[in-house]
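Asks: Below is a structure I'd like to ask you about.
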Amino acid sequence: MQKLLAFIVAKRHWFLFVFCEIIAFVLIYHNNAYQRNMILSSANAITGRMMSASSAIFTYFDLQKANQELLERNSLLEMEVLRLHELIDDKTTDKTIFSQVFLKDTVLADTILKRSYTYQYLTARAISNSVYTQTNYFMINKGSKDGIHPDMGVVSPRGIAGIITTVGDRFAMAMSLLHVKSKVSCKIQNTHFFGPLSWKGGDVRYGYLEEIAAHATFQVGDTIVTSGYSDLFPPGVMVGIVESYNKQEDDNFYSLKVRFATDFQSLNALYVIDNRLQNEQKELEREAKKND
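If you're matching positions, the sequence shown starts at 185 in this note's numbering and goes up one per residue.
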C-alpha cells in the first residue's frame, strides 16, 4: 500500500494532467455541438475499423471449418457421381439379355439395379510432403481410428495423388504418385485402351502411360483417367492430359507423356478412397493365383 501511495505522489503531476484533460473533453463535448459531432464521427470511424478487423480475424479462423465442410460435401458429390456411373452402366447393358436371365429371379434383378455405394470418400489433409527424391511420400492427418488402412487410393480435388502404405492411430503415410515404384492402371478416356502409368523421376509435372496398343486412337490433349482395373481407384478418376507420345519402329506400343492434373508441390485437401469390396477382390485374386 505504501508503495502505491508513493507511486501516486511521485506521478501526481501526470495524474493531475490526465484529470484536467478529461474535464476539458467533457466540457467541450457538452458545450460545443461541432466538437461533439466530430468526436462522435471519429469514435464511429474507429469503432468501424475495429469491428472490421475483428470480423476479418474471426472469418479467417472460421475458414478451416468452412473448408472442411466443403470437402465433406464434395466427397458426397464424388460418391454420387460414381453411383450415377454405375447406374448408367447398368441401364446401358443389354436389357433383353438381363430380362431373359433374371426373368424368374426378381430379387437378383432388383439387387443389380439397386446397388449401394461401392466407394466411399474420406476427407483428409496433407501435413507433410516430399517431391524432390526418387521415392516420395506424403503424410495425412487421418489414421486407423478414422477408418484408414493400407492399400487405399488417395486423390486430390484435381486428380489421383497416391496410395496409403503405412497407418498409425491418427496419421498415415502414402506413397506419392511421384515414386519410381508406383504404378497405376489408367486408360484414355472414352476408350478401352489402358496401361500402367508411372513416374520416371525428374520433372514432377509429368508421368508416362505405357503399353498402349499400336492401333489405339488418341491425340495430344486427350484426358487420361483411372481404368478401374485395380481395387485402389474407381474408374474414371482424373489423372492428367496427354502432352506428347512416341512409338519406336520395332515397338507395338505407344508411350504417352501425361501432364498430371494434381499439383504435387501444393498438396493440401485430399480424399482417401475406401473400396468396400476390396477384401473380396483381393481374396479372389489370391485364390486365382493358387491355381497357377
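We put the CB at the ideal spot given by N, CA and C, even for glycine. Everything numeric in this text was worked out from a predicted model, so none of it was measured.
If you run the structure through DSSP and keep just helix, strand and coil, what is F417?
Replies: Taking the sequence shown and counting its residues from 1, one reaches residue 417 at position 233. F417 falls in the coil class under three-state DSSP.
Asks: Given that a residue counts as buried once 16 or more other Cβ atoms are within 10 Å of its Cβ, and exposed if not, what is S312?
Replies: Locating residue 312 in the sequence shown gives position 128, where the first residue counts as 1. So S312 ends up on the exposed side.
Asks: Which two residues bound the contiguous beta strand (DSSP E) that contains V193?
Replies: For the purposes of this step, residue 193 is identified with residue 9 of the sequence shown, where counting begins at 1. Run containing V193: none in the beta strand (DSSP E); it sits in the alpha helix (DSSP H), Q186 to A194.
Asks: Thinking C-beta only, is I332 closer than 8 Å to V351?
Replies: For the purposes of this step, residue 351 is identified with residue 167 of the sequence shown, where counting begins at 1. For the purposes of this step, residue 332 is identified with residue 148 of the sequence shown, where counting begins at 1. Yes; because the gap between Cβ atoms is below 8 Å, this pair is in contact.
Asks: From what residue to what residue does the beta strand (DSSP E) around L440 run?
Replies: For the purposes of this step, residue 440 is identified with residue 256 of the sequence shown, where counting begins at 1. F437 to F444 is the span of the beta strand (DSSP E), which, as asked, contains L440.
Asks: DSSP puts H363 in a beta bridge; with which residues?
Replies: Working through the sequence shown from its first residue, we reach residue 363 at position 179. Partner(s): T319.
Asks: Out of K329, V339 and H399, which has the shortest C-alpha to C-alpha gap to M422?
Replies: As a first step, residue 422 must be located in the sequence shown, where it is residue number 238. That would be V339, whose Cα lies nearest to the Cα of M422.
Asks: Hey, how far is the Cα of K326 from the Cα of L454?
Replies: Taking the first residue of the sequence shown as position 1, residue 326 is located at position 142. Taking the first residue of the sequence shown as position 1, residue 454 is located at position 270. Rounded to whole angstroms, K326 to L454 spans 11 Å at the Cα level.
Asks: Under a three-way DSSP split, which group does K474 fall into?
Replies: As a position in the sequence shown, residue 474 is number 290, starting the count at 1. In the structure shown, K474 sits in a helix (DSSP, three-state: H, G or I).
Asks: Does DSSP put V202 in a helix, in a strand, or in coil?
Replies: As a position in the sequence shown, residue 202 is number 18, starting the count at 1. Helix at V202.
Asks: Taking S366 as the reference, which of I347, S414 and A398 has the closest Cα?
Replies: Position 182 of the sequence shown holds residue 366. Looking at the Cα atoms, I347 is the closest of the given residues.
Asks: Check whether the Cβ atoms of C370 and S314 lie closer than 8 Å to each other.
Replies: Residue mapping note: residue 370 aligns to position 186 of the sequence shown, counting from 1. Residue mapping note: residue 314 aligns to position 130 of the sequence shown, counting from 1. Not a contact, by the Cβ cut-off of 8 Å.
Asks: Please classify H363 as buried or exposed, where buried requires at least 16 neighbouring CB atoms within 10 angstroms.
Replies: Counting from 1 along the sequence shown, the entry for residue 363 is found at position 179. Its Cβ being crowded by 16 or more others within 10 Å, H363 is buried.
Asks: Which first and last residues belong to the beta strand (DSSP E) in which R309 is found?
Replies: Locating residue 309 in the sequence shown gives position 125, counting from the first residue. Where R309 is concerned, the enclosing beta strand (DSSP E) stretches over Y303 to N313.
Asks: Over the uninterrupted beta strand (DSSP E) stretch that includes P380, give me the two end residues.
Replies: Here residue 380 refers to the residue found at position 196 when the sequence shown is read from its first residue. Segment F378 to S382, the beta strand (DSSP E) holding P380.
Asks: Quick check on the DSSP output: the beta strand (DSSP E) that includes I425 runs from which residue to which?
Replies: Sequence index remark: in the sequence shown, residue 425 carries index 241 (1-based). Per DSSP, I425 belongs to the beta strand (DSSP E) from M422 to N430.
Asks: Sort T317, T302 and I324 by Cα distance to A308 and report the nearest one.
Replies: For this step, residue 308 is matched to residue 124 along the sequence shown. The shortest C-alpha separation from A308 is found at I324.
Asks: Can you give the Cα-Cα distance for K187 and V202, rounded to whole angstroms?
Replies: Working through the sequence shown from its first residue, we reach residue 187 at position 3. Working through the sequence shown from its first residue, we reach residue 202 at position 18. So the alpha carbons of these two residues sit roughly 21 Å apart.
Asks: In angstroms with no decimal places, state the Cα-to-Cα distance between Q318 and G385.
Replies: Here residue 318 corresponds to residue number 134 of the sequence shown, with the count starting at 1. Here residue 385 corresponds to residue number 201 of the sequence shown, with the count starting at 1. Cα to Cα, the separation comes out at about 6 Å.
Asks: Applying the 10 Å Cβ sphere with the 16-neighbour rule, what's the burial state of W383?
Replies: Within the sequence shown, residue 383 is the residue found at index 199, counting from 1. Counting Cβ neighbours within 10 Å, W383 comes out buried, since at least 16 surround it.
Asks: With distances taken between CB atoms, is the gap from T407 to I344 smaller than 8 Å?
Replies: Locating residue 407 in the sequence shown gives position 223, counting from the first residue. Locating residue 344 in the sequence shown gives position 160, counting from the first residue. No, Cβ-Cβ distance for T407 and I344 is not below 8 Å.
Asks: Between L416 and N463, what straight-line distance do the alpha-carbon atoms span, to the nearest angstrom?
Replies: Reading the sequence shown from its first residue, position 232 is the one you call residue 416. Reading the sequence shown from its first residue, position 279 is the one you call residue 463. The alpha-carbon atoms of L416 and N463 are separated by roughly 11 Å.
Asks: Specify the secondary structure class of V210 as computed by DSSP and reduced to three states.
Replies: If you number the sequence shown from 1, residue 210 lands on position 26. If DSSP states are grouped into helix, strand and coil, V210 belongs with the helices.
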